Amino acid sequence: MHKAIILIILSITLFMQLSGCAEHQPQEQEQQEQQKQQPVEQISDALTPGIFLEETRALIPEGVELRKVYPPGIELTKISEGFRGRLYNDAAGFCTIGYGHLIKKSACDGTEKQEFKSGISEQQGEALLVEDMNWAKYSVMQAVSVELTDGQYAALVDFVFNVGSGNFNKSTLLKKINAQQHSEVPAQFRRWIRAGGKVWQGLVTRREREIDLYLEGTAIPRLLPQEGEELPDIDIRKGELNG
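In mature numbering (1 follows the signal peptide of the UniProt record, and there is no 0), the protein residues as written are -22 to -1, 1 to 221.
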C-alpha cells in the first residue's frame, strides 16, 4: 500500500515537472526569438575609424614595444568615438560596438559572437579600444622621425586612428612635423574635417581637441587661420590628393 502511494506521488511530481518544463520552454524560445528580432540601431553620425578601412596594414613585428598613449590621449579618443554598449550599424552600415570597434564590414545580422550580442561594459570597450589603437601607435612610431611629447604622440595616434595610416603617411601634416615646423601643424590638422564630401562637426571638434593635446606643455603658438589664408579641406576617406 505504501509503495503504491509513493509511486503515485512520484508520478504526480514527475508530471508537474514535465509540465513546468513544457511551459518554460516556449517562453525561453520566445525570448530568444525576440532578442534575434530586436532591430540593431543605425547611428548615422558614427564614422568607421579609418584604421579599419585600410586594405593592407603592416604587421606589427613580434617583440616591438609600442609607446603607450597617456590617459588624456585615451580620453580624447573615447570622447570622440563615443561609447555604445550594444551592437549598432555605423554610418557606413558596418556592424560596430563599444568605442568604434569594427566587428565586420557589413551590417549586424545576428551571427556575431555571443559576447557582443549580449552587450559589453565600458571597461570592456576601453580594453578593445586600447588594442585597436595599436595599429595607429605603430604607424606614428614608424612615420614620425622627430621626438614627440606625450601630447603630440597622443594627438597623432588619435588622428591616425580616425583617418588611417595611409592618409597620414602621405599628408602635409606629417611633412610639417618631421620638418619640425610645429607652428604650422594646427592649420594642417584643421584641414581634415570632411567625410563623404561634407563637413562633419564631430571632425571639426575632434581636430581642435587634437590640436590642444599637440600644443600641451609647449610654447608653440595656437595660430588661427587669417582671412584669405585658409587651406583647402581634406576628406578623411580620400586623403590629401596632392600630398
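Yeah, the Cβ is synthetic: ideal placement off N, Cα and C, and Gly gets one too. Model, not experiment: these values are computed from the prediction.
Same chain, Cβ closer than 8 Å to P199, five either side skipped, listed in chain order:
Sequence-distant Cβ neighbours of P199 in its own chain, meaning closer than 8 Å and more than five residues away, are S161.
Going by Cα to Cα distance, which pick from D23, G71, I171 and E194 is closest to F137?
Comparing Cα positions, the closest option is I171.
Three Cβ pairs or more, each shorter than 8 Å: is that satisfied between the stretch 15 to 30 and the stretch 77 to 84?
Between the stretch 15 to 30 and the stretch 77 to 84, the count of C-beta pairs closer than 8 Å reaches three or more; the two stretches touch.
Out of K216, W178, T26 and D128, state which residue places its alpha-carbon closest to the alpha-carbon of G195.
Minimum Cα distance to G195 is reached at D128.
Taking V177 and D211 to be in contact with their CB atoms under 8 Å, please state how far apart those CB atoms are, rounded to whole angstroms.
About 7 Å separates the beta carbons of V177 and D211, which is inside the 8 Å limit, making them a contact pair.
Please confirm if the stretch 62 to 73 is in contact with the stretch 117 to 136, defined as three or more CB-CB distances below 8 Å between the two stretches.
Segments in contact, no.
Can you tell me whether DSSP reads D211 as helix, strand or coil?
D211: coil per DSSP, three-state reduction.
Paired residues, beta bridge with R64 - DSSP
Answer by DSSP bridge pairing: none, since R64 is not bridged.
DSSP three-state label for V18, please.
DSSP places V18 in the coil class of the three-state scheme, outside both helix and strand.
For I98, report the span of its beta strand (DSSP E) as first-last.
Per DSSP, I98 belongs to no beta strand (DSSP E) and is neither H nor E.
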